[in-house]
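S.K.: Counted the way the working numbering counts, the sequence shown spans residues 1277 to 1408. In this text, a Cβ means the ideal position worked out from N, Cα and C, and glycines have one as well.
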Amino acid sequence: MSLILSKILVTLLTLIGIVILIGEIIDIHIYFPFNLAEKSEIPYHRLQSVRLSLIVTFVYFGYRYIFRQTEKMYPIQFLNIYLKSLALCSLLVFYSFQVKLIEYYFVLFFFVVAIILHFASQPEMRRYFDHR
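Shown next, in the form of structure tokens:
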């Protein structure tokens, strides 16, 4: 069940990403979920959240590269790690900037998606020696 749900969420986020990229090409600036920023700028706290989450993700993968080179990861695991760092950094940035409570839906959405991807990206444990 979590695998199907995670595929649906990743598909929706991919489609949103494609719409945002096409919007940038035709000079329409869109930020999550579907807010147009033609006459206004993208909120600073959102930009800071994305910037810090990229740095946290880079630090995490730098650590993995230095100390745990032999472990391979699937793309869904990368998405999971990035969305967890985005939710955490967004929470901290939104709190420090004293953002209105309504903006926290951004944090909640990505936290829920990260939890779903977390369960979908768990390796299956096979019971080779269990004879039931």
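Within 10 angstroms of the Cβ of Tyr1358, are there 16 or more other Cβ atoms? Answer buried if so, exposed if not.
M.R.: Reading the sequence shown from its first residue, position 82 is the one you call residue 1358. Buried.
S.K.: Cα-Cα, which of Lys1348, Tyr1350, Lys1376, Leu1384 is closest to Cys1365?
M.R.: Within the sequence shown, numbered from 1, the residue matching residue 1365 stands at position 89. Among Lys1348, Tyr1350, Lys1376, Leu1384, the Cα nearest to that of Cys1365 is on Leu1384.
S.K.: Buried or exposed: where does Val1389 fall if 16 or more other Cβ atoms within 10 Å of its Cβ makes it buried?
M.R.: Locating residue 1389 in the sequence shown gives position 113, where the first residue counts as 1. With 16 or more Cβ atoms within 10 Å of its Cβ, Val1389 is classed as buried.
S.K.: By the DSSP assignment, the alpha helix (DSSP H) with Lys1360 in it spans what residues?
M.R.: As a working note, residue 1360 is residue 84 in the sequence shown. From DSSP, the alpha helix (DSSP H) with Lys1360 extends over 1351-1372.
S.K.: What whole-angstrom Cβ distance do Leu1362 and Ser1329 have, given they're in contact under 8 Å?
M.R.: Start at 1 with the first residue of the sequence shown, and residue 1362 comes out as number 86. Start at 1 with the first residue of the sequence shown, and residue 1329 comes out as number 53. About 4 Å; that satisfies the 8 Å criterion.
S.K.: Just to confirm, is the Cβ distance from Ile1391 to Leu1281 under 8 Å?
M.R.: Residue mapping note: residue 1391 aligns to position 115 of the sequence shown, counting from 1. Residue mapping note: residue 1281 aligns to position 5 of the sequence shown, counting from 1. No, they are not a contact pair.
S.K.: Would the beta-carbon of Phe1413 fall within 8 Å of that of Phe1382?
M.R.: Outside the displayed span of the chain (1277 to 1408) sits residue 1413, for which this structure offers no information.
S.K.: Just mark Leu1285 as buried or exposed, buried being the case when its beta carbon has 16 or more other beta carbons within 10 Å.
M.R.: What you label residue 1285 is simply residue 9 of the sequence shown in a count that begins at 1. Leu1285 should be labelled buried.
S.K.: Quick one: is Phe1386 buried, meaning 16 or more other Cβ sit within 10 Å of its Cβ, or exposed?
M.R.: Numbered from its first residue, the sequence shown carries residue 1386 at position 110. Buried, by the Cβ-count rule.
S.K.: If we call anything under 8 Å between Cβ atoms a contact, is Ile1294 one with Ile1306?
M.R.: By 1-based counting over the sequence shown, the position of residue 1294 is 18. By 1-based counting over the sequence shown, the position of residue 1306 is 30. Not a contact, by the Cβ cut-off of 8 Å.
S.K.: Thr1333 lies in the alpha helix (DSSP H); which residues open and close that run?
M.R.: Mapped onto the sequence shown, residue 1333 falls at position 57. Start and end: 1320-1343.
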